[in-house]
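If you use mature numbering (1 follows the signal peptide of the UniProt record, and there is no 0), the sequence shown corresponds to residues -17 to -1, 1 to 876, in order. Using N, Cα and C, we set each Cβ at its ideal position, and we do this for glycine too.
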Amino acid sequence: YPFVWIRMFLTAPLLSPVPRLLSLSARTLFSETGVWEKNYRTETRQRLEKWWHPRIMAEWRKDALEKDAKKKKFYVLSMFPYPSGRLHMGHVRVYTISDTISHFQRMRGHQVLNPMGWDAFGLPAENAAIERGLDPDEWTKSNIVSMREQLDSLGLCFNWDREVTTCLPDYYKWTQYLFIKLFEAGLAYQKEAVVNWDPVDQTVLADEQVDENGRSWRSGALVEQKMLKQWFIKTTNYAKPLLDALAELPEWYGVKGMQANWIGACTGCYFDFKLKVNGEDTGESLSAYSFHPETVFGAAYLAILPSHRLLHGSSSVRSVLQKAFQPGRDCLTEVSACNLFTGHEIPLVISRKDSFDGYLDTVIGSPDCSEEDLSVARALNLSWTTVLNSHEDGTQTLINSEEFSGLTREQAFDSITQKAQEKKVGGYLTSSKLRDWLISRQRYWGTPIPVVHCGSCGPVGVPVEELPVTLPKLPSLTGKGASPLEAAHDWVNCKCPRCKGPARRETDTMDTFVDSAWYYFRYTDPHNPDRPFERHLADHWLPVDVYIGGKEHAVMHLYYARFLCHFCRDQGLVAHREPFWKLLVQGLIKGQTFKLANSGQYLKREEIDFTGKEPVALGGGRVEVTWEKMSKSKHNGLDPQEVVQQYGVDTVRLYTLYAAPPEQDILWNVKTDALPGVLRWQSRLWQLVTKLRGARQLGDFPNPSLLKKKELEETKKIWINKNYTIQEVTSHFTEDFLFNAAISRLMGLTNTLTVSVPSLVQHSVEFEEALAALVMMTAPMAPYLASELWAGLCHVKNPLSSLLQRRGNVMQQSWPAVDPEYLEVPDFVEMSVLINNQPSGTVTVPLQVSKDTEKVQQLVLESPLGQKLFSERSIKRAILSPRTALINFLTEE
């Protein structure tokens, strides 16, 4: 690079050229000047991150636009954020994981989709707008601009050309379209119901949005019960398919179990009924649960709870039922219920019970199957038809059940439920505890429900060609009283699409979970003006290969998204039933909190005296120290940009990946071994490249034949270690996503290369290729550092390996592969050592004992690392991971 040196000489003062040269070279970056700095300093890190940031982003954008039919697809998706305006460390963790996986898969030759968008409707924006007197649309869009800048500053390579924003009409038009599809299929319906009312947020909540203490999941307010007319989606019709499909998916580390538990055992079904009084149709309908659908022809009565909407709402039979009701008794009423499947009429009974199996409010009484139902029927002098015939061998067959007579109970169960489904009068297998999805929200900032209410036609879906039904501009929002949309009279009053008569628009908006139930589809075809997505594009990209997000969404969001994908499959919109293949749930990043023991008041660090053995409040009082989810109110939050400014993007990325497995919480503490560990590792990687460059600048041409026997044995160990590391790291990146274990393995290879003697560095192709592989495997996790290291490697003098003669940045290289000759299993394993879930170093142990907890513990304790770590610690238990080379010591602090 003579031009660079000439320029430096020309710009230096004539009287002191040498000091000027030294000063400049201390601040140079190889990629800019061709001068390699021997030490990895803070200034070096800052310069290389600034240099490589636009280049890596530009290369990603270029690659994302290329279409190569030969490449296999890989769809990595992180749950899109609510645009609050500021990123938090939880965002940094989840998007670092998705970014790492996407870089890795691109290096493996895949066409990668790593999209990003905004879950932009919802109460926080509306509440913020009310507090500030702003339009929630303006508030949301300004936050999106701010957060996108923050994401870009972190170097996260998303496919921004596919960005979606749920509050824009070009997105929610298709949310409304899918609602219309559900409405036309009979799966979206409106009914009066006792609902959960949040008195703070002034809106209805789905059952899933109320915690076990009866409080709102968002506001924390104690939820009240109200009777309101609401929109529901009949997810119960899909309960059994959703439950059964879980068996086809790989392990989701507990989340499949959570999904299955939420759905429950699908052993019964609902049947539809019409209510009559004195033989006259009342216009009221009910769905009642049967624990034994095969005995439906032997039903004796229909039972409702005293809390049922029919007794408390605006139903036409309320007065009749209230007249018959007597607390504490089973009450026979004058209302009868006609089963739309059997055609039989049975009496309606108000039960003395407060609940049916904890969740149901309407059940079918079947005396042939239940002693309790038999007792009720006899007490009320009801008649019923016996439908079960018992045989000497213990089997039972049906009688008095029309064409189903003669079938065994098992056969009749399948046949009756199937026939009821065909007749569209029930029969869908579901559990007794699962309820339909309540989607109505009495707020403004949400997707308008595309329905008009006509006095002649009833509820009518807005024609697809008239979508979207856009939100009207309102002069102000108060957050109190009726739905804010009621105030938009010109918008509310409209014509019926069917009869053209006067009608009123629905003023409830949709729960934001509806918006996020299908966004993964829209990413595959984000700019389509004619349909939500082209089937061939969705079929190409789906299912999502890896879906990444918080465990708090393991029930609601995942359940709704899976339901909608099953529905779209049945509608012929897509080929796949399940939207997500692998699921990666990440834990929280928690900060240290300090609060007064007597009052629970959270304190700032500057309000505490740390000079004693225990922290004490400056104003007096004992202080409790805990780890909690980061928040401003707890004074334990971190601004990601401040953290990045202090430590650098690569360091923060490596820390979040190394501090704990993805599913575990991270206790953010820069004094732990995790942060110093990744800082030291980066310096050691830099020193390895410096070492190779220095060895090749000695003047001697590298010659592997000069290596002696002992050195050749060392090259064999390097070769084995390299291949073992490639094998292990690739497995961690594709199978279990234990990035902390992958980094530990890379640290092990770094250790092996660091102790290599100069002659081996000078003449060994194994050292060269192992170092190249090490840098390439580091690249997805620390792209800036790896890019500069690769630039330094590719300009080493007289390279022995063709790897160092490749063109392009490290991110454009092919992921290293295990050598075909690598057949023997290495006789050692690099074991990661954790103390109370915190990474604390590695110890090499023989492979043959690596699955023996006692022997591994003994070897760790005997090692120099173990003697250092455990000299003053009392070990309570040692846990050996069955999935990876990792042992976790639980100790008494």
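| Considering only residues of the same chain and omitting the five flanking positions on each side of residue 179, which have a CB-CB separation below 6 Å? | 188, 193 and 206
| said: So, with DSSP's three-state summary, where would you put residue 391? | reply: strand
| request: Provide the residue span of the alpha helix (DSSP H) that contains residue 56, from first to last. | output: Taken as a continuous stretch (DSSP letters only), residue 56 belongs to no alpha helix (DSSP H), being part of the beta strand (DSSP E) at 56 to 61.
| said: Going residue by residue through the region 708 to 763, where are the continuous alpha helix (DSSP H) segments of at least 4 residues, counting only ones entirely within it? | reply: 722 to 737, 741 to 746 and 748 to 761
| Looking only at DSSP bridge pairs, what is residue 314 linked to? | 333
| said: Quick check: the Cα distance between residue 44 and residue 729, rounded to an integer number of angstroms? | reply: 29 Å
| request: Starting from residue 18, follow its DSSP beta bridges and name the residues at the other end. | output: Answer is none; residue 18 lacks a bridge partner.
| What are the boundary residues of the beta strand (DSSP E) that residue 213 is part of? | 207 to 216
| Through-space distance from residue 507 to residue 520, alpha-carbon basis | 6 Å
| query | Hey, how far is the Cα of residue 756 from the Cα of residue 634? | reply | 20 Å
| Using the beta-carbon count (16 or more within 10 Å), is residue 488 buried or exposed? | buried
| said: Under DSSP, the alpha helix (DSSP H) around residue 103 begins and ends at which residues? | reply: First-last for residue 103: undefined, no H or E at that position.
| task | Report buried or exposed for residue 220, applying the criterion of at least 16 other Cβ atoms within 10 angstroms of its Cβ. | result | buried
| request: Evaluate the contact criterion for the region 265 to 283 versus the region 352 to 370: three or more CB pairs, one atom per stretch, below 8 Å. | output: yes
| task | Could you tell me the distance, in whole angstroms, from the CA atom of residue 410 to the CA atom of residue 233? | result | 30 Å
| task | Identify, in the order they occur along the chain, each residue of the same chain with its Cβ nearer than 7 Å to the Cβ of residue 793, setting aside the five sequence neighbours on each side. | result | 758, 759, 762, 769, 770 and 773
| Chain-order list of residues whose beta-carbon lies under 6 Å from that of residue 98 (same chain, five-residue window excluded) | 142, 145 and 506
| field | For residue 480, three-class secondary structure by DSSP | value | coil
| query | Smallest Cα separation from residue 817: which of 645, 789, 724 and 588? | reply | 724
| field | Local conformation of residue 353 per DSSP, three classes | value | coil
| When the Cα of residue 881 is compared with those of 638, 829 and 695, which residue comes out closest? | Only positions -17 to 876 of the chain appear in the structure, and residue 881 is not among them; the question remains open.
| query | Ordered along the chain, which non-local residues of its own chain (more than five positions away) have a Cβ less than 8 Å from that of residue 726? | reply | 637, 640, 641, 661, 664 and 764
| request: Tell me residue 252's beta-bridge partners as DSSP assigns them. | output: 273 and 412
| request: Please name the residue, chosen from 441, 498 and 456, that lies closest to residue 482 on a Cα-to-Cα basis. | output: 441
| field | Alpha carbon of residue 795 to alpha carbon of residue 40, nearest angstrom | value | 12 Å
| Selected residue, minimal CA-CA separation from residue 297, among 548, 324, 212 and 598 | 212
| field | residue 261, DSSP secondary structure in three states | value | coil
| query | I think residue 112 touches residue 460, with their Cβ atoms under 8 Å apart; what is that distance to the nearest whole Å? | reply | 6 Å
| request: Report the rounded CA-to-CA distance for residue 733 versus residue 705, giving the unit in angstroms. | output: 10 Å
| request: For residue 864, collect the residues of the same chain with a Cβ closer than 6 Å to its Cβ; drop the 5 residues on either side in sequence, then sort them by chain order. | output: none
| Whole-Å CB distance - residue 310 paired with residue 330, under 8 Å assumed | With a Cβ gap of about 19 Å, residue 310 and residue 330 do not count as contacting.
| request: Could you say which of 231, 396 and 752 lies nearest to residue 250 if we only look at CA atoms? | output: 396
| query | Are the Cβ atoms of residue 428 and residue 17 separated by less than 8 Å? | reply | no
| said: DSSP has residue 424 in a bridge; who is on the other side? | reply: 492
| message | So, for residue 676: in the same chain, excluding its five sequence neighbours on each side, which residues have a beta-carbon less than 7 Å away from its beta-carbon? | response | 19, 775 and 779
| request: Return yes when the Cβ of residue 435 is within less than 8 Å of the Cβ of residue 467, no when it is not. | output: no
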